[in-house]
Ligand code: TYM
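Numbering (our numbering), first residue to last: -19 to 329.
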């Protein structure tokens, strides 16, 4: 084999992303990822959005509710504006190639790479020996999700950055180890994460140093997509701030993480830039800002919650969308997996 790296990946551009079906979605999922899923449909002809139920098994899960939780996430994609005619929406376990490619990648990824993953360390805390092997291996399955479609762009929140870097490392090592015939382009693309804007890192409403998360024991720390107007107003009213008025410039947000978070939520909810929000609100107090923020959130989330309820009421229609989506997804993944089987030398491939 030559020492030259293979020419760069030359396939089509494709978007892939996913969310776990665990305990309902929150504002961080919405602003960090879901609004981007919708917007990217205008920029890319080929978008695939997955409900990652295999990932949801890595922590405690209840077999009785998993399928319903998956439907809820799919319904949230649709309610937010993902169009099932243009984009593919499906549930991960319905396309077997994800798990198969994950095994191949288990034999490509190195222990040391996974041991560096901060999300595992955060979730496992001091008790890593009691965690499932699946939780440790989680980012390898995530790499398989993306690469089984040869996806080139992955919209996620900032907390997924390290997992996306790992996916690139796995793709690169697979390309190097199994090499394309001399001169042929690389087999897998090195996927780019799309992490931008103030919504990429939404923090807890109670503590500006922690991200908004489903696993936070306090429901006051997050806005759930299904919260009603009163709950939203109450949570924003009680959100931690400081006694100073809002600053007039971005520099004035330094050292005020809770304020930065609320301004970021306002900016990404209304589609304004941070600068524009501060130009309007700088010098004013939170007594005026918080009701305006709650109003902006209700204007965005109330129609979404209503649409979510409407979609969930027609389970057969939702399941049909997921079934079609799984078929379309499998028709892209299967030929990639067939090539992988040949490349790694499986019998009968
Ligand atoms: P999950 O289910 O934890 O979160 C779904 C998406 O929401 C984003 N997010 C946030 N963004 C901003 N602020 C927050 N506080 C916040 N909390 C969550 C996440 O970054 C994510 O984009 N590992 C993924 C799921 C996954 C995946 C994939 C993603 C599995 N396979 C392949 C992309 C590509 C996860 O746990 O997301």
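Positions of the beta carbon are idealized from the N, C-alpha and C atoms, including for glycine.
The structure displayed is predicted, hence computed values, not measured ones.
Kindly list the residues whose CB is nearer than 8 Å to the CB of residue i, restricted to its own chain and excluding five residues on each side of it in sequence; keep chain order.
| i | result |
| --- | --- |
| residue 24 | -7, -6, -5, 133 |
| residue 205 | 4, 5, 6, 7, 9, 10, 56, 281, 284, 285, 288 |
| residue 230 | 254, 255, 258 |
| residue 278 | 209, 212, 213 |
According to DSSP, is residue i part of a helix, a strand, or is it coil?
| i | result |
| --- | --- |
| residue -12 | coil |
| residue 129 | coil |
| residue 41 | coil |
| residue 81 | helix |
| residue -3 | strand |
| residue 204 | strand |
| residue 374 | Beyond the ends of the chain as shown, which are -19 and 329, falls residue 374; an answer cannot be given. |
| residue 332 | Since the first residue shown for the chain is -19 and the last is 329, residue 332 is missing from the structure and cannot be characterised. |
| residue -18 | At residue -18 the pLDDT is 49, less than 50, meaning the model places this residue with poor confidence and gives no usable figure here. |
| residue 75 | coil |
| residue 70 | strand |
| residue 88 | coil |
| residue 31 | strand |
Compute every distance between the C-beta of residue i and the non-hydrogen atoms of the ligand TYM, then say whether any falls below 7 Å.
| i | result |
| --- | --- |
| residue 181 | yes |
| residue -4 | yes |
| residue 122 | yes |
| residue 312 | no |
| residue 193 | yes |
| residue 139 | yes |
| residue 8 | yes |
| residue -1 | yes |
| residue 107 | no |
| residue 133 | no |
| residue 35 | yes |
| residue 15 | no |
| residue 62 | no |
| residue 347 | For residue 347 there is no data in the structure shown, the boundaries of the chain being -19 and 329. |
| residue 187 | no |
| residue 125 | yes |
| residue 136 | yes |
Nearer than 7 Å: is that true of the beta carbon of residue i relative to any heavy atom of the ligand PLP?
| i | result |
| --- | --- |
| residue 11 | Ligands present in the displayed structure are limited to the ligand TYM, and the ligand PLP is not among them. |
In chain order, what residues of the same chain lie with their CB nearer than 6 Å to the CB of residue i, ignoring the 5 residues before and after it?
| i | result |
| --- | --- |
| residue 85 | 120, 123, 124, 150 |
| residue 310 | 75 |
| residue 71 | 31, 33, 50, 302 |
| residue 187 | none |
| residue 240 | 233 |
| residue 167 | 155, 160 |
Under 7 Å Cβ to Cβ from residue i, same chain only, skipping five residues before and after it: list those, please.
| i | result |
| --- | --- |
| residue 312 | 129 |
| residue 351 | With the chain covering only -19 through 329, there is no way to say anything about residue 351. |
| residue 317 | 77, 80, 81, 128 |
_In chain order, what are the residue ranges of uninterrupted beta strand (DSSP E) at least 3 long that sit wholly in the region 130 to 194?_
133 to 135, 172 to 174
_At 4 residues or longer, what runs of the alpha helix (DSSP H) sit wholly inside the region 205 to 242?_
209 to 217
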